[in-house]
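Letter by letter, the sequence shown follows residues 1 to 149 of the UniProt record's numbering.
Don't be surprised by glycine CBs; every beta carbon is placed ideally from N, CA and C.
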Amino acid sequence: MSNIVWKIKTFDEFTVPELYAVLKARIDVFVIEQNCPYPDLDNYDQKAVHIWAEENGEVLAYCRIFDKGIKYEETSIGRVLTTELARGKSLGKLLIKYAVETIENRFHTSEIRISAQDYLLKFYGDFGFQDTGKKYLEDDIPHTEMIRK
């Protein structure tokens with residue numbers, strides 16, 4: 001995994017092949033692997049900053065971040081994934097590290113709210129996210145709202 005390239009782009013900066021690769025990765029993980037048909041194209045991609053790792057044009061890890069007031073009152077991170085090919089290589093940790101740094105640098109805040117799948121609570125906790133106590137099912141998957149101050 002030595003030819004990994006990290007990219008940070010707004011929607012308008014995507015090339016068509018990059019956008020296709022990102023959407024394919026999101027569908028592969030969230031719709032196919034998690035067997036969860038849901039409207040991935042939610043009209044928020046245009047307002048997001050997209051962060052991903054790719055190798056030879058294939059997406060390995062991805063998330064999107066938002067400034068304050070778009071998804072939540074605080075900045076936020078969403079659609080966090082690592083593809084099957086990339087799991088176990090700590091790319092998810094690097095991804096969250098880059099997402100937090102990008103939020104701090106672009107949006108000048110450390111306050112971030114996320115909607116975490118429950119099996120990832122410890123993972124996000126390691127980055128300073130705390131359980132808000134708000135728990136819910138999203139597309140039949142248990143989630144918890146978390147905040148990082």
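Using 8 Å for Cβ pairs, my map puts G88 next to S115. What's the rounded Cβ distance? The sequence position of residue 88 within the sequence shown is 88, counting from 1. The sequence position of residue 115 within the sequence shown is 115, counting from 1. In fact, because the Cβ distance is near 24 Å, the residues do not count as touching under 8 Å.
Going by alpha carbons, who is nearest to E58 out of I65, Y72, L23? Within the sequence shown, numbered from 1, the residue matching residue 58 stands at position 58. Per the Cα distances, L23.
For the segment 82 to 98 against the segment 131 to 142, do three or more pairs of beta-carbon atoms, one drawn from each stretch, fall closer than 8 Å, so that the two count as touching? Here the segment 82 to 98 makes no contact with the segment 131 to 142; the two share fewer than three CB pairs at distances below 8 Å.
Return the residue from the list A99, D140, E145 that minimises the CA-CA distance to Y38. Working through the sequence shown from its first residue, we reach residue 38 at position 38. Comparing Cα-Cα distances from Y38 to each of A99, D140, E145, the minimum goes to D140.
Which of helix, strand or coil does DSSP assign to G78? The residue you call residue 78 lines up with position 78 of the sequence shown. DSSP places G78 in strand when its eight states are reduced to three.
What residue ranges within the UniProt domain "N-acetyltransferase" (9 to 149) form continuous alpha helix (DSSP H) runs of no fewer than 4 residues, ordered along the chain? Scanning the UniProt domain "N-acetyltransferase" (9 to 149) from its first residue to its last, the whole alpha helix (DSSP H) runs of 4-plus residues come out as 16 to 26, 91 to 107, 121 to 125.
Spatial neighbours of R64 within its chain, please: CB distance less than 6 Å, with the 5 preceding and 5 following residues excluded, ordered by chain position. As a working note, residue 64 is residue 64 in the sequence shown. These residues qualify, in order along the chain: A48, H50, G78, R79.
In whole angstroms, give me the CA-to-CA distance for F11 and T102. The residue labelled residue 11 in the question sits at position 11 within the sequence shown. The residue labelled residue 102 in the question sits at position 102 within the sequence shown. If you draw a straight line from the Cα of F11 to the Cα of T102, it is about 16 Å long.
So, using beta-carbon positions, are residue 151 and D126 closer together than 8 Å? Since the first and last residues shown for the chain are 1 and 149, residue 151 lies out of range.
Output the distance between the C-alpha atoms of D61 and L81, rounded to the nearest integer angstrom. Taking the sequence shown and counting its residues from 1, the one referred to as residue 61 is at position 61. Taking the sequence shown and counting its residues from 1, the one referred to as residue 81 is at position 81. Note that residue 61 is Ala in the sequence shown here, rather than Asp. For A61 and L81, the distance between alpha carbons rounds to 6 Å.
Below 8 Å between beta carbons: does that hold for K7 and E55? Residue mapping note: residue 7 aligns to position 7 of the sequence shown, counting from 1. Residue mapping note: residue 55 aligns to position 55 of the sequence shown, counting from 1. Not a contact, by the Cβ cut-off of 8 Å.
Can you check which of these residues, L137, E74, F14, is closest to R113 by C-alpha distance? Translated into the one-based positions of the sequence shown, residue 113 becomes position 113. Measuring from the Cα of R113, the nearest candidate turns out to be E74.
Roughly how many angstroms lie between the CA atoms of R106 and E13, to the nearest whole one? Your numbering for residue 106 matches position 106 in the sequence shown. Your numbering for residue 13 matches position 13 in the sequence shown. Distance between the alpha carbons of R106 and E13 is about 16 Å.
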